[in-house]
Amino acid sequence: MVVIRSGNNLTVDAVTRSIAMLESKPIDHPAEVLSLNILSNRGRTIRPKTANQKRYVDAIGDHTITFGIGPAGTGKTYLAMAMAIAALQNKTVNRIILTRPAVEAGEHLGFLPGTLSEKIDPYLRPLFDALNDMIDIETVPRLMQSGVIEVAPLAYMRGRSLNDAFIILDEAQNTTPEQMKMFLTRLGFGSKMVITGDVTQVDLPNGQHSGLRVVRDILADIDDIAFLELTAEDVVRHRLIGDIVKAYDSFDEQRQALRPIRQ
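Throughout the sequence shown, residue numbering follows the UniProt record's numbering, covering 1 to 263 in sequence.
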């Protein structure tokens, strides 16, 4: 009843997730998870849908730097974006900065034809899609033109100090350790950072290490930095995505188990 009173529709998905929470150990209370409103716009409210997602959202609220690590479809970037827009609306930050490594272009965007906007658009399109889903489409260009919202490749963060900003680094598995350090040291006063990525989908050239894979070993003991793991159980897109992620995880585990035997 608490879930319904909070404005949630009692869909099959909501019931299924509520049952899973009640069966978990320790028990997660569906009302606490599904009634947490992050952002409301155009008659639609964004909320966490799993206990893990709520822990992720809580970590973002409680820490200056939060890492959200997990497979596709778990809401890592979407929830971080909602938290960023809510922070902007509440005036706890003055601007939002969204970035991701343009790894498919090797960060050498100067060699591609077209204007800067035309060059980087394909790599940043998922961030624009999330923005347009949460803010009126006609408002986004105005906020970007005024500098309140900035969307740019990771390479354009170098040398900057980002104050009073909510900064999201997406697809962080495609950063090198050096790029990750460069990004984290852009943190300025009054700012918050969220770094999202999936360590199973690294697109870096062979021989290059992922900055997301090593950063936990380096920063795990530092206060005010949180690491949250999301799993296939947190996938909130089409139900098949969760099954696909689980199948690939199982395949990878079997392959790892066989590797010593072959050697």
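Cβ coordinates follow ideal geometry from the N, Cα and C atoms, glycine included.
Local conformation of E229 per DSSP, three classes:
In the displayed model, E229 falls within a strand according to three-state DSSP.
Which same chain residues end up closer than 8 Å to L162 when comparing Cβ atoms and leaving out the 5 residues on each side of it in sequence?
Taken in chain order, the residues that qualify are I97, R186, L187, G188 and S191.
For N52, which three-state DSSP category applies?
helix
Rounded separation between F166 and Q89 - CA only
12 Å
So, under 8 Å CB-CB, Q173 and L228 are touching, yes? Tell me the CB distance rounded to an integer number of Å.
Between L228 and Q173 the Cβ distance is about 15 Å, and since that is not below 8 Å, they are no contact.
V93 in three-state terms, based on DSSP:
coil
DSSP beta-bridge partners for N41?
R44
Which term fits A247, buried or exposed, when burial requires 16 or more other beta carbons within 10 angstroms of its beta carbon?
exposed
Cβ-Cβ separation, D249 to I65 (assumed contact under 8 Å), whole Å:
About 27 Å separates the two Cβ atoms, so there is no contact after all.
C-alpha gap between P208 and T175, whole angstroms
Residue identity check: residue 208 is Gln in the sequence provided, not Pro. About 9 Å.
Around the C-beta of V214, are 16 or more other C-beta atoms found within 10 angstroms, so that it is buried, or is it exposed?
exposed
Taking 8 Å as the cut-off, decide whether the C-beta atoms of I168 and M134 are in contact.
no
Does DSSP put R186 in a helix, in a strand, or in coil?
coil
Tell me the DSSP bridge mates of E171?
E171 is not bridged to any residue.
Give a yes or no on whether the C-beta atoms belonging to G217 and P71 are separated by under 8 Å.
The sequence given here has Asp at residue 217, not Gly. Their beta carbons are not under 8 Å apart, which means D217 does not touch P71 by this criterion.
Assuming T139 is part of the beta strand (DSSP E), what are its boundary residues?
First-last for T139: T139 to Q145, but that is the alpha helix (DSSP H), not the beta strand (DSSP E).
Count the other C-beta atoms from every protein chain shown that fall within 10 angstroms of the C-beta of D234, then say buried if there are 16 or more, exposed otherwise.
buried
Does DSSP put R100 in a helix, a strand or coil?
strand
What is the residue span of the beta strand (DSSP E) that G68 lies within?
I65 to I69
Can you tell me which of the three DSSP states L162 falls into?
Three-state DSSP puts L162 in a strand.
What number of angstroms, rounded off, separates the C-alpha of A87 from the C-alpha of L240?
33 Å
For M180, I'd like the list of residues in its chain whose CB is within less than 6 Å of its CB, leaving aside the five on either flank, ordered along the chain.
G211 and V215
Check whether P101 and L184 have beta carbons under 8 Å apart
no
Using C-beta distances below 6 Å, list every residue in its chain close to T77, excluding the 5 sequence neighbours before and after it, in chain order.
Closer than 6 Å at the Cβ level, and outside the excluded window around T77, lie D170 and T196.
Measuring CB to CB, does L127 end up less than 8 Å from V140?
no
Assuming the contact rule is C-beta atoms closer than 8 Å, L36 and K54 should be a hit. Round their C-beta distance to whole Å, please.
6 Å
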